[in-house]
Amino acid sequence: MLDFNNVTVRYDEAEDPAVDGLTMQIAKGEFVCVLGRSGAGKSTFIRTINGLQPLTGGSVTALGYELGGLDQKKLRQLRSEIGMIFQHFSLIPRMTVRQNVYTGRFGKRSSYRNYLGLFTEEEKQLTSYFLEEVGLLPYADRRVERLSGGQKQRVGIARAMVQEPSILLGDEPVASLDPTTSDHIFQLLRQLHEERELTTVINVHDVELAKKYASRIIGLKQGRLVFDGSPDDMSKAD
Ligand code: ADP
Ligand code: ADP
1 MLDFNNVTVR YDEAEDPAVD GLTMQIAKGE FVCVLGRSGA GKSTFIRTIN GLQPLTGGSV
61 TALGYELGGL DQKKLRQLRS EIGMIFQHFS LIPRMTVRQN VYTGRFGKRS SYRNYLGLFT
121 EEEKQLTSYF LEEVGLLPYA DRRVERLSGG QKQRVGIARA MVQEPSILLG DEPVASLDPT
181 TSDHIFQLLR QLHEERELTT VINVHDVELA KKYASRIIGL KQGRLVFDGS PDDMSKAD
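Per full-length UniProt numbering, the sequence shown starts with residue 1, numbered consecutively.
Okay, here's the thing in structure tokens:
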């Protein structure tokens, strides 16, 4: 499903590569947590998967597409298959929960009508389904700026899920949340993963969360792979 072959990313000014010769595969239905200190290359790594991050060397193949050579149309197609959630949620604060979720499906093509908060019955049903799943249906018409951090991330997750992605990526999605809320968010991610065999790859710096929820843990240090195994293997390595 995801194939990394000697992937290297070096930022212009940097002496050392941010990601340094990573080779690995991720299979359909894995729940992978990427662990590492700040600056280890987690964010860079995850952004190579949807083509947000140009490579200095090597290649990434996602869902059968080799990312390097894609034209705009293919890249859009691939990205529609990949949902993403972010540390700072990346929501539109003044729009409602439902409007934000809707943009996950139709992006910039969301019409002025949706911008005004008007939805057809079908659009309402679709968004309500995913809002229900993340436990936010009662908040559908609330502006996201009025929500708690945990609720905002739930909106982020619903926005990703409304794409009906094959892969879900998370770039430190709980780094701004308190431990209890973080645990709730991981519970939800795990549940979505199990319900649809969703391939999930999430950056996290909290080892305990990774051990509790991941089926596989990948450890990065200075852009290199330093651990790849199950949470049990990790406990043995401690
Ligand atoms: P992590 O997500 O593990 O914190 P990053 O992928 O953000 O790691 O960063 C890896 C390395 O690349 C760090 O040394 C960081 O300073 C550097 N880096 C990240 N983004 C940029 C950028 N846009 N330009 C230059 N250097 C960057
Ligand atoms: P916070 O408590 O900071 O708002 P949480 O992620 O714990 O963040 O919860 C966000 C909201 O989602 C809660 O206020 C609650 O309304 C709802 N919620 C939490 N857990 C569930 C659940 N298991 N089922 C349904 N709704 C939930």
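All C-beta atoms in this analysis are idealised placements derived from N, C-alpha and C, irrespective of residue type, glycine included.
- Query: Can you check whether the CB of THR127 is closer than 8 Å to the CB of VAL101?
  - Reply: Between VAL101 and THR127, the gap from beta carbon to beta carbon is short of 8 Å.
- Item | Candidates ARG37, ALA40, ALA62, of which the one nearest MET24 by Cα | ALA62
- Task: Please state whether DSSP places LEU75 in a helix, a strand or coil.
- Result: Note: LEU75 maps to helix in three-state DSSP.
- Message: ligand 1 and ALA210: does any heavy atom of the ligand fall closer than 7 Å to the residue's C-beta?
- Response: False, no ligand heavy atom lies under 7 Å from that Cβ.
- Task: Decide if PRO93 is buried, meaning its Cβ has at least 16 other Cβ atoms within 10 Å, or exposed.
- Result: exposed
- Item | Helix, strand or coil at THR8 [DSSP, three-state] | strand
- Would you call VAL226 buried or exposed, if buried means 16 or more other Cβ atoms sit within 10 Å of its Cβ? exposed
- Member of GLU15, GLY117, ASP228, GLU30 whose CA lies at the smallest distance from the CA of HIS193: GLU30
- According to the neighbour-count rule (16 or more other Cβ atoms, all chains shown, within 10 Å of its Cβ), is SER148 buried or exposed? exposed
- Since residue 239 and PRO173 are thought to touch, with beta carbons under 8 Å apart, how far apart are those beta carbons, to the nearest angstrom? The structure shown does not extend to residue 239, since the chain spans only 1 to 238, so no value can be given for it.
- Query: Under the DSSP definition of a beta bridge, which residues are partnered with GLY229?
  - Reply: ILE217
- Query: Going straight from the alpha carbon of VAL19 to that of LEU220, what length do you get?
  - Reply: 9 Å
- Whole-angstrom C-beta distance between VAL32 and ILE218, which should lie under 8 Å: Indeed, because the Cβ distance is near 6 Å, the residues count as touching under 8 Å.
- Where PHE31 sits in the DSSP three-state scheme: DSSP places PHE31 in strand when its eight states are reduced to three.
- Do the CB positions of ASN50 and ILE26 come within less than 8 Å of each other? Taking 8 Å as the Cβ cut-off, ASN50 and ILE26 do not qualify as a contacting pair.
- Item | For GLN125 and GLN87, the rounded distance between their alpha carbons | 28 Å
- Query: What are the uninterrupted segments assigned as alpha helix (DSSP H) that are 4 or more residues long and contained completely in the region 126-205, given in chain order?
  - Reply: Taking only runs of at least 4 residues, the alpha helix (DSSP H) segments lying wholly in the region 126-205 are 149-161, 179-196.
- Message: ligand 4 and ASN203: does any heavy atom of the ligand fall closer than 7 Å to the residue's C-beta?
- Response: Ligand 4 is not part of this structure, which contains only ligand 1 and ligand 2.
- Query: So VAL9 and GLN53 are in contact, right, with Cβ under 8 Å, and what is the actual spacing, rounded?
  - Reply: 6 Å
- Message: Between the alpha carbons of MET161 and GLY223, how many angstroms are there, rounded?
- Response: 29 Å
- CA-CA distance, GLY39 and HIS205? 11 Å
- Task: Check each candidate in ILE157, GLY170, PHE106, ALA158 and name the one with the smallest Cα separation from ILE46.
- Result: GLY170
- Message: What would DSSP say about LEU22, mapped onto helix, strand or coil?
- Response: strand
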